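A.B. asks:
There are 2 protein chains.
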Amino acid sequence: MPIEVELKVQVEPNLEYLKDRLKHLYFEHQGDFREIDFYLDSADYSFASQDKALRVRLSYDLNQENPQKKIDLVFKGPKIDQRSKTREEIGIQIYGENPDDLIKLFHRLGYTEIFQINKNRSHWKNTSGINITVDLIDELDPLCYLEVEKVITDAQSKDKMVNELIEILSDLLQIKKEDLMSERRSYLELVLKKEQNIISGQ
Amino acid sequence: MPIEVELKVQVEPNLEYLKDRLKHLYFEHQGDFREIDFYLDSADYSFASQDKALRVRLSYDLNQENPQKKIDLVFKGPKIDQRSKTREEIGIQIYGENPDDLIKLFHRLGYTEIFQINKNRSHWKNTSGINITVDLIDELDPLCYLEVEKVITDAQSKDKMVNELIEILSDLLQIKKEDLMSERRSYLELVLKKEQNIISGQ
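Chains as they are written, first to last, in our numbering: chain W, 37 to 238; chain P, 37 to 238.
1) Quick check: what's the CA-CA separation for P:L182 versus P:Q46?
2) Just to confirm the assignment: which complete beta strand (DSSP E) runs, minimum length 3, are found wholly within the region 104–172 of chain W?
3) Could you check which residue in P:Q118, P:M37, P:D68 and P:P38 has the C-alpha nearest to that of P:I168?
4) Name the residue from P:E71, P:S206, P:N199 and P:N134 whose alpha carbon lies nearest to the alpha carbon of P:S120.
5) Within the 7 Å Cβ cut-off, does W:D137 reach chain P?
6) Sort P:R70, P:F142 and P:L109 by Cα distance to W:L89 and report the nearest one.
7) By the criterion of Cβ-Cβ separation under 8 Å, what are the contact partners of W:K140 in chain P?
8) Relative to the C-alpha of W:S193, which residue among W:Q66, W:I116 and W:E225 is closest?
9) Of all the options P:L205, P:P178, P:I211 and P:L216, which has the alpha carbon lying nearest to the alpha carbon of P:K242?
10) Cβ of P:Q129 less than 7 Å from any chain W Cβ?
11) Return helix, strand or coil for W:E175, following the three-state DSSP convention.
12) Taking the CB atoms as reference points, tell me whether W:W160 and W:H65 lie closer together than 7 Å.
13) What separation, rounded to the nearest whole angstrom, lies between the Cα atoms of W:E175 and W:F74?
14) When you compare the CB of W:R220 with every CB in chain P, is at least one pair closer than 7 Å?
15) Residues of chain W with CB under 8 Å from P:L90, in chain order?
16) Around the Cβ of P:D80, are there at least 16 other Cβ atoms within 10 angstroms (buried) or fewer (exposed)?
17) Could you compute how far the alpha carbon of P:S85 sits from the alpha carbon of W:N99?
18) For the alpha helix (DSSP H) containing W:S206, name the first residue and the last one.
19) For a test of the three-state rule: what should DSSP assign to W:S218, helix, strand or coil?
20) Is it right to say W:S222 is buried, meaning 16 or more other beta carbons lie within 10 angstroms of its own, or is it exposed?
21) So with CB distances below 9 Å, who are the chain P contacts of W:G67?
22) Let me check understanding here. Comparing Cα to Cα, which of P:I126, P:F111 and P:Q104 lies closest to P:T189?
23) With a CB to CB cut of under 7 Å and the five nearest residues on each side skipped, what residues in its chain are close to W:E185?
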């Protein structure tokens, strides 16, 4: 079972500083992408309460003139760790550049599109296969988040990997480990929270 | 809404004769394929009773030495015509050559693999975009079926298209139109029926 060990922290949107730090720690830039995420939920809207997610993503390279669009479908299981966003993740890549048919198929199966999240993502990777993304979310403007993740297949090594990712974050952001504020909520949850606050006038 | 207008008839497994007739009517051979179909159903097994189907297909070209395998996902809605197998059909092609992750994702969404159907399919097409397949189904051995179909986007032209396909079948098989026995059951239904007959000793 592939497990995505993942930590997220909110950071200052100082992209030049983050870029320098990433390079300093031997992370290589993989590209800058536009990602448009369509979140689906079952007929009884049970995914959110069960901490599951079903997402269709349309993405393309922001640095190419006529970039090819990519479509993928991802299922995320409930979180299985107290400190991080670690969870089972099953991802499928779809042929073609248009997500409409895939979303329509899920409509026919009874799923509903509940939310769309749009972001710019800068992707970095090191030789150990650890990925770091710097994300600017349209719907959370101007908040900036940094995610560090690695996919493992051995559930036993989860805690060790969480510790390793905490070390990397601490080093990268020059913050003591105990001062790191792990954000365990998904972008979807953060956006929903923000909308609720607006509605309730907070 | 793309609609698959489709007719199926059981035929004698005389492949040489069928090949000659198809060529005579200007159908061109598109290839011979192995198709392995995994049928999924919802947690309450409601698809069969609602005349819906969700299918993952793995297919490859039988005439190539190291053929690339193709994976697709198809949803079929209930039949909407009395004479034919006409129904809504939404198809998605998946990257890669292994259906395991896609099937696992649907398991996580609560779907169950209910049946697998294996067949050899010879595919023919004419210049009007009408497809004919000659199918030999492992599980229905030695029965041979011929399917003729065209995808239309204008629901209004359904009846006209059904008539056109009946003409073609009549011409191809040299059988009077009124003597054509349209098989409206899917391969899945035919195999399930056969299994039930074996169990009940018929």
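Think of the CB as a built atom: it goes at the ideal place given N, C-alpha and C, for glycine as much as any other residue. Everything numeric in this text was worked out from a predicted model, so none of it was measured.
C.D. replies: Reading from the atomic positions:
1) For the purposes of this step, residue 182 of chain P is taken as the residue at position 146 of the second sequence. For the purposes of this step, residue 46 of chain P is taken as the residue at position 10 of the second sequence. Each residue's CA atom was taken as its position, placing P:L182 and P:Q46 some 6 Å apart.
2) Fully enclosed beta strand (DSSP E) runs of 3 or longer: 106–115, 123–130 and 148–161.
3) If you number the second sequence from 1, residue 168 of chain P lands on position 132. Here the closest residue by C-alpha is P:D68.
4) Counting from one through the second sequence, the residue named residue 120 of chain P turns up at place 84. For the residues P:E71, P:S206, P:N199 and P:N134, the minimum Cα distance to P:S120 belongs to P:N199.
5) The residue you call residue 137 of chain W lines up with position 101 of the first sequence. Closer than 7 Å to some Cβ of chain P, the Cβ of W:D137 qualifies, so yes.
6) Counted from its first residue, the first sequence places residue 89 of chain W at position 53. As written in the sequence, residue 89 of chain W is Ala, which differs from the Leu given in the question. Taking only the C-alpha atoms, the option nearest W:A89 is P:F142.
7) Taking the first residue of the first sequence as position 1, residue 140 of chain W is located at position 104. Against chain P, the beta carbon of W:K140 has neighbours under 8 Å at I126, listed in chain order.
8) On the first sequence, residue 193 of chain W is found 157 positions in, with the first residue counted as 1. Measuring from the Cα of W:S193, the nearest candidate turns out to be W:I116.
9) In the structure as shown, chain P begins at 37 and stops at 238. Residue 242 of chain P is therefore absent and cannot be evaluated.
10) For the purposes of this step, residue 129 of chain P is taken as the residue at position 93 of the second sequence. Yes, its Cβ sits closer than 7 Å to a Cβ of chain W.
11) Here residue 175 of chain W corresponds to residue number 139 of the first sequence, with the count starting at 1. In the three-state reduction of the DSSP assignment, W:E175 falls in the helix class.
12) The residue you call residue 160 of chain W lines up with position 124 of the first sequence. The residue you call residue 65 of chain W lines up with position 29 of the first sequence. It is a contact, given that the beta carbons lie within the stated cut-off.
13) As a first step, residue 175 of chain W is located in the first sequence; it is residue number 139 there, counting from the start. As a first step, residue 74 of chain W is located in the first sequence; it is residue number 38 there, counting from the start. Pairing W:E175 with W:F74, the inter-Cα distance amounts to about 13 Å.
14) Translated into the one-based positions of the first sequence, residue 220 of chain W becomes position 184. No, W:R220 lies away from the interface with chain P (no Cβ there is under 7 Å from its Cβ).
15) As a working note, residue 90 of chain P is residue 54 in the second sequence. Those within 8 Å of P:L90 in chain W are L145.
16) Position 44 of the second sequence, counted from the first residue, corresponds to residue 80 of chain P. Exposed, since its Cβ has fewer than 16 Cβ neighbours within 10 Å.
17) Here residue 85 of chain P is taken as the residue at index 49 of the second sequence, counted from 1. Here residue 99 of chain W is taken as the residue at index 63 of the first sequence, counted from 1. Taken atom to atom, the span from the alpha-carbon of P:S85 to that of W:N99 is near 50 Å.
18) Sequence index remark: in the first sequence, residue 206 of chain W carries index 170 (1-based). For W:S206, the enclosing alpha helix (DSSP H) covers residues K194 to L209.
19) Within the first sequence, numbered from 1, the residue matching residue 218 of chain W stands at position 182. Three-state result, W:S218: strand.
20) Numbered from its first residue, the first sequence carries residue 222 of chain W at position 186. Flag for W:S222 reads buried.
21) Mapped onto the first sequence, residue 67 of chain W falls at position 31. Near W:G67 there are no residues of chain P at all, since even the closest Cβ is about 19 Å away, more than 9 Å.
22) The residue you call residue 189 of chain P lines up with position 153 of the second sequence. Selection P:I126, P:F111 and P:Q104 evaluated against P:T189 yields P:I126 as nearest (Cα-Cα).
23) Stepping through the first sequence from its first residue, residue 185 of chain W is reached at position 149. The residues E40, V41, E42 and N167, in chain order, have a CB closer than 7 Å to that of W:E185 in the same chain once the five nearest residues on each side in sequence are set aside.
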